[in-house]
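Residue numbers (full-length UniProt numbering): 1 to 63. Think of the CB as a built atom: it goes at the ideal place given N, C-alpha and C, for glycine as much as any other residue. If you're wondering where the values come from, they're calculated on a predicted model, not measured in any experiment. What follows is a single structure, written as structure tokens, with notes after it.
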Amino acid sequence: MFKEYPDVVNVKQLCEMLGGICSKTACQLLRTNKIQHFKIGNRYFIPKIFVLNYICNLQNRNL
């Protein structure tokens with residue numbers, strides 16, 4: 001899953017991975033720590049595994 005993405009993605013790539021959500025929504029998910037990430041300066045770095053964890057948690061809540 002998401003083989004075409006690097007191991008660490010940026011906000012734009014995160015938006016694509018989550019089905020085309022807007023960057024404002026993605027940043028809100030990051031600011032509220034719904035998706036684990038690293039922030040250096042004003043840039044977000046999101047390891048792909050954290051995106052996968054977020055998606056799995058969403059699916060588990062819907063079961």
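Pairing Gln28 with Tyr54, the inter-Cα distance amounts to about 14 Å.
For Tyr44, the secondary structure class from DSSP, reduced to helix, strand or coil, is strand. Here Tyr44 really is in contact with Leu30; their C-beta atoms are around 5 Å apart, less than 8 Å.
In the DSSP assignment, Thr25 falls within the unbroken alpha helix (DSSP H) covering 23-31. Approximately 7 Å separates the beta-carbon atoms of Val51 and Ile35; this is inside 8 Å, confirming the contact.
Taking Leu14 as reference, the option from Asn60, Arg61, Lys48, Lys3 with the minimal CA-CA separation is Lys48.
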